[in-house]
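Asker: Please read through the structure below; I'll follow up with questions.
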Amino acid sequence: MKVLVPVKRVIDYNVKARVKADQTGVDLANVKMSMNPFCEIAVEEAVRLKEKGAATEVVAISVGPTQAQETLRTALAMGADRAILVQTDQDLEPLAVAKVLKAIVAEESPELVVMGKQAIDGDNNATGQMLAALLDWPQATFASAVEVSGGKAKVTREVDGGLQTIEVDLPAIVTADLRLNEPRYASLPNIMKAKKKPLDVKELGSLGVDTAPHLKVVKVTEPPKRAGGVKVETAADLVMKLKNEAGVL
Amino acid sequence: MAVLVIADHDNQSLKDSTHKTVTAAQKLSGDVDVLVGGTNAAAIAAEAAKIAGVRKVLAAESAELGQGLAEAFEALVVPLAANYDAVLTPATSQGKNISPRIAAKLDVAQISDVVEVVDANTFVRPIYAGNALETVQSSDAKKVITVRPTVFKAAGEGGSAQVETIAAPAAPAKARFVGQEIVKSARPELSGAKIVVSGGRAMGSAEEFQRVIEPLADKLGAAVGASRAAVDAGYAPNDYQVGQTGKVVAPELYVAVGISGAIQHLAGMKDSKVIVAINKDPDAPIFQVADYGLVADYKAAVPELMDELSKVGK
Numbered sequence: 001m002k003v004l005v006p007v008k009r010v011i012d013y014n015v016k017a018r019v020k021a022d023q024t025g026v027d028l029a030n031v032k033m034s035m036n037p038f039c040e041i042a043v044e045e046a047v048r049l050k051e052k053g054a055a056t057e058v059v060a061i062s063v064g065p066t067q068a069q070e071t072l073r074t075a076l077a078m079g080a081d082r083a084i085l086v087q088t089d090q091d092l093e094p095l096a097v098a099k100v101l102k103a104i105v106a107e108e109s110p111e112l113v114v115m116g117k118q119a120i121d122g123d124n125n126a127t128g129q130m131l132a133a134l135l136d137w138p139q140a141t142f143a144s145a146v147e148v149s150g151g152k153a154k155v156t157r158e159v160d161g162g163l164q165t166i167e168v169d170l171p172a173i174v175t176a177d178l179r180l181n182e183p184r185y186a187s188l189p190n191i192m193k194a195k196k197k198p199l200d201v202k203e204l205g206s207l208g209v210d211t212a213p214h215l216k217v218v219k220v221t222e223p224p225k226r227a228g229g230v231k232v233e234t235a236a237d238l239v240m241k242l243k244n245e246a247g248v249l
Numbered sequence: 001m002a003v004l005v006i007a008d009h010d011n012q013s014l015k016d017s018t019h020k021t022v023t024a025a026q027k028l029s030g031d032v033d034v035l036v037g038g039t040n041a042a043a044i045a046a047e048a049a050k051i052a053g054v055r056k057v058l059a060a061e062s063a064e065l066g067q068g069l070a071e072a073f074e075a076l077v078v079p080l081a082a083n084y085d086a087v088l089t090p091a092t093s094q095g096k097n098i099s100p101r102i103a104a105k106l107d108v109a110q111i112s113d114v115v116e117v118v119d120a121n122t123f124v125r126p127i128y129a130g131n132a133l134e135t136v137q138s139s140d141a142k143k144v145i146t147v148r149p150t151v152f153k154a155a156g157e158g159g160s161a162q163v164e165t166i167a168a169p170a171a172p173a174k175a176r177f178v179g180q181e182i183v184k185s186a187r188p189e190l191s192g193a194k195i196v197v198s199g200g201r202a203m204g205s206a207e208e209f210q211r212v213i214e215p216l217a218d219k220l221g222a223a224v225g226a227s228r229a230a231v232d233a234g235y236a237p238n239d240y241q242v243g244q245t246g247k248v249v250a251p252e253l254y255v256a257v258g259i260s261g262a263i264q265h266l267a268g269m270k271d272s273k274v275i276v277a278i279n280k281d282p283d284a285p286i287f288q289v290a291d292y293g294l295v296a297d298y299k300a301a302v303p304e305l306m307d308e309l310s311k312v313g314k
């Protein structure tokens, strides 16, 4: 079974995003970028499926600028077999990314696509579901456990209030939640080996996919700042202030 | 222009997030219909019909809808969408599961987690864990939107909409429900609670979390939340998690005990009206958003706080 893992290069999750003064977006110049944390979990799960013998090949794919090759090399160092970069400087919406991924799925015919539940920059939480819809494949989102056997995947999902388990026929889309696994660190020898693994670069234009934006960003602003608070000395002070000043008790 | 709101419910009763999504929908159009898909749909539809300002309620009954399968909702909603200019869903785990699938089938963008409706085409949504707000203008004729329920007021009661029963189309059999494990709790629901008490990694163990956080929550009539660190360490179940990847809450009072305040956590609670932080580290980032900060070890501070609350009749 071939597993396709889409990964995204995003601002590092420890960096606090700063809005540009001209309100056109978030300042990404000279900011540390990394693989989206949910994508790391997806790569880890795909590699574990291979280690268990459930998968034969793990293909990482990214849609983005030339620098996304670094993100793909990270996936290769974690254990992916090869990588594909669909190169574009356009910042694509989830629907466009889903269409690009659909074109790649048509070429690669994976039986399983494992991807993160959301990217920490756009916070859309949509691409996996959209890809499932475009392919007419079943979806198992927010996965915290995945078991693959006999052409089916049994997936435990994190839902409001607890956990739900569903079974989907392959081919299917699984999106990873935080608790699916703990991603491994790439070791130095594996980072070196990853440099020799195949990485195909395709131009976005060569896929013939309509990636025209549906949404126009009018402006990006800072959220309203909270007024500075006060430190209180004792629990008694705290309760008095909550009762008399804030009126929330 | 008409808007369809997909109701959030647990097959027993309607959830408050539906009322809040109706409020957002009313900013788009006066003609708001509510769709209830699930088991026990007729009873839940009757509840939805009472929401003020709702034009019509559609009720579709099937086991697959009751199990929340996205494929079943796609089959139900996509044909219905022909009659509407917008489809709104609360941004709950269920809404996030089904809505993008519907958007892709309609070949339109989804506008996720909307916090403000500027006009019929323009919406505001948080990005980068709530560190920026993006105003987007949609060029799609049909809008598919998920709504962050915590920022909208719940629509009131007093309506008397007509309920229409519609057939649930057969869902593709590629996905099947196996089972579920829902955490039982007598406390208020986290995302709708007026007061939330959250614990962090400082608790050190599940026993300590229960010993410290839960009695304080019970005293305040609060829901219990947790930071990701506390959930990952197994101190609290994962549906307690407040943050970018967990639940977004906006209670009147949020009490953070032993939580440092990572940006991912702040994304889930910084719209609370009053934030109280109890942390022994005076430099913890949580103090930058807290209205009232108490620099103290929770081991001493929480029992004192409990005593003081008793004195004021809590």
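Protein chains in written order, with full-length UniProt numbering: chain A, 1 to 249; chain B, 1 to 314.
Built from N, CA and C at the ideal position, the CB exists for glycine as well.
Note that the coordinates shown come from a computational prediction; the quantities given were computed from them, not determined experimentally.
Along the chain, where does the beta strand (DSSP E) containing Met130 (chain A) start, and where does it finish?
Answerer: Numbered from its first residue, the first sequence carries residue 130 (chain A) at position 130. Element bounds for Met130 (chain A): not the beta strand (DSSP E) but the alpha helix (DSSP H), Thr127 to Leu135.
Asker: Output the residue ranges of the beta strand (DSSP E) runs that lie fully inside the stretch 94-127 of chain B and measure 3 residues or longer, sorted by chain position.
Answerer: The qualifying runs are 110-114, 116-119 and 122-127.
Asker: When burial is assigned at 16 or more other CB atoms within 10 Å of the CB, is Asn131 (chain B) buried or exposed?
Answerer: As a working mapping, residue 131 (chain B) is identified with position 131 in the second sequence. Buried, because 16 or more other Cβ atoms sit within 10 Å of the Cβ of Asn131 (chain B).
Asker: Leaving out five residues on either side along the sequence, give the residues of the same chain with a beta carbon under 6 Å from the beta carbon of Lys143 (chain B).
Answerer: On the second sequence, residue 143 (chain B) is found 143 positions in, with the first residue counted as 1. Around Lys143 (chain B): Ala86.
Asker: For the beta strand (DSSP E) containing Arg82 (chain A), list its first residue and its last residue.
Answerer: Taking the first residue of the first sequence as 1, we reach residue 82 (chain A) at position 82. Its beta strand (DSSP E) spans residues Arg82 to Gln87.
Asker: Just by C-beta distance, which residues in the stretch 208-222 of chain A are closer than 7 Å to chain B?
Answerer: Hits within the stretch, in order: His214, Leu215, Lys216, Val217, Val218, Lys219, Val220, Thr221 and Glu222.
Asker: Could you name the residues of chain A that Asn238 (chain B) contacts, counting a contact when the two beta carbons are closer than 7 Å?
Answerer: The sequence position of residue 238 (chain B) within the second sequence is 238, counting from 1. Those within 7 Å of Asn238 (chain B) in chain A are Glu158 and Arg179.
Asker: In the DSSP assignment, what residue or residues form a beta bridge with Gly151 (chain A)?
Answerer: Taking the first residue of the first sequence as 1, we reach residue 151 (chain A) at position 151. Paired residue(s): none; Gly151 (chain A) is not in a bridge.
Asker: Along chain B, which residues have their Cβ under 9 Å away from the Cβ of Arg82 (chain A)?
Answerer: Along the first sequence, read from residue 1 onward, the residue named residue 82 (chain A) stands at position 82. Chain B residues near Arg82 (chain A): none, gap ~27 Å exceeds 9 Å.
Asker: Can you tell me the Cα-Cα spacing of Gln164 (chain A) and Ala63 (chain B), whole angstroms?
Answerer: Position 164 of the first sequence holds residue 164 (chain A). Position 63 of the second sequence holds residue 63 (chain B). Answer to the nearest angstrom: the Cα atoms are 15 Å apart.
Asker: Name the two residues that bound the continuous beta strand (DSSP E) containing Leu294 (chain B).
Answerer: For this step, residue 294 (chain B) is matched to residue 294 along the second sequence. First-last of the beta strand (DSSP E) with Leu294 (chain B): Tyr292 to Val295.
Asker: Using the rule of at least 16 other Cβ atoms within 10 Å of the residue's Cβ for burial, across every protein chain shown, is Ala109 (chain B) buried or exposed?
Answerer: By one-based count along the second sequence, residue 109 (chain B) stands at place 109. So Ala109 (chain B) ends up on the buried side.
Asker: Note down the Cα distance separating Gln118 (chain A) from Met35 (chain A), rounded to an integer number of angstroms.
Answerer: Here residue 118 (chain A) refers to the residue found at position 118 when the first sequence is read from its first residue. Here residue 35 (chain A) refers to the residue found at position 35 when the first sequence is read from its first residue. Their backbone Cα atoms lie some 12 Å apart in a straight line.
Asker: Fully enclosed by the stretch 179-250 of chain B, which alpha helix (DSSP H) runs are 4 residues long or longer?
Answerer: The stretch 179-250 of chain B contains these whole alpha helix (DSSP H) runs: 206-220 and 228-232.
Asker: Inspect the CB distances between the stretch 172-179 of chain A and the stretch 141-157 of chain A and report whether three or more fall short of 8 Å.
Answerer: Yes, the stretch 172-179 of chain A is in contact with the stretch 141-157 of chain A.
Asker: Quick one: residues in its chain with C-beta nearer than 7 Å to the C-beta of Ile263 (chain B), no 5 flanking neighbours on either side, listed in chain order?
Answerer: Here residue 263 (chain B) refers to the residue found at position 263 when the second sequence is read from its first residue. So the list reads Ala129 and Asn131, once near-sequence residues are dropped.
Asker: Tell me, to the nearest whole angstrom, how far the beta carbon of Val5 (chain A) is from that of Ala55 (chain A); I am working on the premise that it is less than 8 Å.
Answerer: Reading the first sequence from its first residue, position 5 is the one you call residue 5 (chain A). Reading the first sequence from its first residue, position 55 is the one you call residue 55 (chain A). Val5 (chain A) to Ala55 (chain A), Cβ: 10 Å. No contact.
Asker: At the level of alpha carbons, what is the spacing between Val57 (chain B) and Val3 (chain B)?
Answerer: Walking along the second sequence from the start, residue 57 (chain B) turns up at place 57. Walking along the second sequence from the start, residue 3 (chain B) turns up at place 3. Whole-angstrom Cα-Cα distance: 12 Å.
Asker: Run through chain A and tell me which residues come within less than 7 Å of Leu58 (chain B), C-beta to C-beta.
Answerer: The count along the second sequence starts at 1 and reaches residue 58 (chain B) at position 58. Those within 7 Å of Leu58 (chain B) in chain A number zero; the least Cβ separation is about 22 Å.
Asker: From Val257 (chain B) to Lys196 (chain A), what does the alpha carbon distance come to, in whole angstroms?
Answerer: On the second sequence, position 257 is the one that residue 257 (chain B) refers to. On the first sequence, position 196 is the one that residue 196 (chain A) refers to. If I take the Cα positions, the gap works out to 49 Å.
Asker: Give the single residue among A:Ala77, A:Pro138, A:Met130 and A:Leu199 whose Cα lies nearest to the Cα of Asn190 (chain A).
Answerer: Indexing the first sequence from 1 puts residue 190 (chain A) at position 190. Measuring from the Cα of Asn190 (chain A), the nearest candidate turns out to be A:Ala77.
Asker: Establish whether the CB of Leu294 (chain B) and some CB of chain A are separated by less than 7 Å.
Answerer: Here the question's residue 294 (chain B) lines up with position 294 in the second sequence. Answer yes: the Cβ-Cβ gap between Leu294 (chain B) and chain A drops below 7 Å somewhere.
Asker: Which chain B residues are close to Ile61 (chain A), counting only those with a beta carbon under 7 Å from its beta carbon?
Answerer: For this step, residue 61 (chain A) is matched to residue 61 along the first sequence. Neighbours of Ile61 (chain A) on chain B: none; closest Cβ ~18 Å, over 7 Å.
Asker: Buried or exposed, going by whether 16 or more other CB atoms sit within 10 Å of the CB of Gly30 (chain B)?
Answerer: The residue given as residue 30 (chain B) occupies position 30 in the second sequence. Exposed, because fewer than 16 other Cβ atoms sit within 10 Å of the Cβ of Gly30 (chain B).
Asker: Indicate the three-state DSSP secondary structure (helix, strand or coil) for Gln162 (chain B) in the structure shown.
Answerer: One-based indexing of the second sequence puts residue 162 (chain B) at position 162. Here Gln162 (chain B) sits in strand by DSSP.
Asker: Asn244 (chain A) bridges to which residues according to DSSP?
Answerer: In the first sequence, residue 244 (chain A) corresponds to position 244, counting from 1. DSSP lists no partner for Asn244 (chain A).
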